[in-house]
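**Student:**
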Amino acid sequence: MAKIMVIKEPGEDGVPFLRGILVQSLLSAGLSFQDAYATAQAVRNSLGNNDIVTTPALKAIVAAQLGREFGPKIRGNYETGAEHKTALTVISDRGKRRFSVGMLTRSLEACAIDTESASDIAQRVHETIKKSGQSEIESAALRRIIYHSLKEHCSSRTANYYLSRRRFEISGEPLIILVGGTSGSGKSTVSTELAYRLGVVRTQSTDMMREIIRCYLPPHLVPTLGYSSFDAWRGLPPLEMPNGQRTGDNQVIAGFLAQCANVESALNATIARAAKEQHDIIIDGVHVVPTEINLAEFGKKAISVPVMLAVTNKQRLVDQLSWRSSEQPDRHSSRYLEQIDAIWELQSFLLKRAEEANIPIIANWEIEDTIRNILDKVNRNISERHPPDPAILG
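Reminder that position 63 of the sequence shown reads as 1353 in the working numbering, one-by-one numbering, no gaps.
1) Give me the residue from G1476, I1543 and S1638 with the minimum Cα distance to E1658.
2) Thinking C-beta only, is L1515 closer than 8 Å to N1558?
3) What's the gap between the Cα of I1661 and the Cα of P1528?
4) Let's see if you can read the secondary structure: which residues bound the beta strand (DSSP E) around R1387?
5) I think Y1437 touches L1683, with their Cβ atoms under 8 Å apart; what is that distance to the nearest whole Å?
6) Short check: CB of A1412 to CB of T1395, under 8 Å?
7) Helix, strand or coil for D1574, going by three-state DSSP, please let me know.
8) In chain order, what are the residue ranges of uninterrupted alpha helix (DSSP H) at least 4 long that sit wholly in the stretch 1446-1530?
9) Taking the beta strand (DSSP E) that S1594 belongs to, which residues open and close that run?
10) Taking the C-alpha atoms as reference points, what is the distance between H1569 and I1502?
11) Hey, would you say I1571 sits closer than 8 Å to I1466, going by beta carbons?
12) Please look up how many angstroms separate the CB atoms of V1576 and P1596, rounded, as I've assumed it's under 8 Å.
13) Which class does A1564 belong to by DSSP, given the choice of helix, strand or coil?
14) Smallest Cα separation from L1316: which of P1464, V1352 and V1668?
15) Go through its chain and collect everything with a Cβ distance to L1488's Cβ below 6 Å, but skip five positions before and after it.
16) Starting from the C-beta of T1379, find all residues in its chain whose C-beta is less than 8 Å away, skip the five residues before and the five after it, and write them out in chain order.
17) Taking its Cβ as the centre, do 16 or more other Cβ atoms sit within 10 Å of P1306, making it buried, or is it exposed?
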C-alpha cells in the first residue's frame, strides 16, 4: 500500500499515517489491543490508495468504524478523549507523566494476564486514585495500589510477577526472546504482539539477516541463501553420482542446516550485542535452532527466553499459509503450499531439536493463548532471577 500523509488542512505539510499511533488512541478509548489493532488495520484498508487524508476526515472514519463495531460508548470515548478530561499526573525520579489506563493495561498484560483482566485492574487502579481526590500521585504509591489490586482481584502469582518485573527493570538487565518455528507457524505475528505488550522496541528476523548477508557475499560463497529454508537444498553442490542425487542426510534438512550455518554468525552477534549494550530484543525466525545457539554464555548478562512455535495439524498449516497470502500478497502462498511436505518435515526436525534442548514447544492455535504461554515463561524466568520482594514497593 502507498504511504498516506495526514494533514490538518489542504496544502499544509503532513505526517505519515501510522497504525501504531492510532492503536494507542484506541487503547485509551477502551479497546483491547487485539480490537485496537484490527480497527487500525480496517481504517488503513478503507483509505485505499489515497496519498493524503485530512485530520478531521481521518477522525470521522475512525469514529464511524468504532460506532459500527463497538457502539456509541467507545465511539464517544474516542471523539471526546475522555481519559484526558480526568488527567492524573504520576511523579517519579524521571519527572512527571500522565497516567493512562490504556498504557497500564498493556503493562499489566506483560504479567501474563488476559486483556480483559488487565483492563479491569487498570480501571480499578484509576478509580481508587480518583476516589482519593488526588490529581498527582508518587510512582511508589501507584505501584502499591497496582500490587494490592492484582493480589485482591487477580491472583497472588500475578502480583508476584509484577514485583519481580519491577526488580528486573531496576536491574538494567536486557530481555532476549527467541521465537523459532517453521514457515506459517505465526512467528512474526507472535513477535509483534510480544513486542507491543512488553514494550520492546527492537525486533529482528533471521530472514532479514539472511537477506543482508546475501547482498554482501557472492552466491558461490553462500549458495543456499538464495532459497527459502525448506528448499535451501537446491543451493547445495551436487555430489558426483550418476543421477546427480544426494545421499546421506535428508536433503531438506541438509540444505536447511547449511543455510543456518551461514546465518549463525549474524544471529549470535545480534544476541551478543543486545547482552553487551543491555537492550531488550525479540528475534524470530526459522533459523532459531535451539541446539545451535549457545545462550549459556549470556546467562549472567541477560534473561534469555527461547520458545518454539508449532502447528500441530497439517491442514491448519495449509490454512495459515493460505491466509497469509491473502493478507500479504507478495508472499505467494502457492509456492509454500507446493512445498507443504518439506515444510512439515522441517517442522518435525525443529521440534525434535527443541525437545533435545528442553525448549518450550507452544502449539500456536489461538494467538492470545500463545502470547500468555510465552509471557508466563518470560515471567517465570524473571522471577527465578529476581524473586518477588514487597520491599520494592517502597
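Cβ atoms here follow ideal geometry from the backbone N, Cα and C, with glycine treated the same way.
**Tutor:** In terms of the structure at hand:
1) G1476
2) no
3) 42 Å
4) G1385 to R1388
5) 6 Å
6) yes
7) D1574 carries a strand assignment under DSSP once its states are collapsed to helix, strand and coil.
8) 1446-1461, 1477-1488 and 1496-1506
9) I1593 to A1600
10) 22 Å
11) yes
12) Not a contact, Cβ separation roughly 14 Å.
13) helix
14) V1352
15) A1400
16) K1386, R1387, R1388, F1389, S1425, E1426 and I1427
17) exposed
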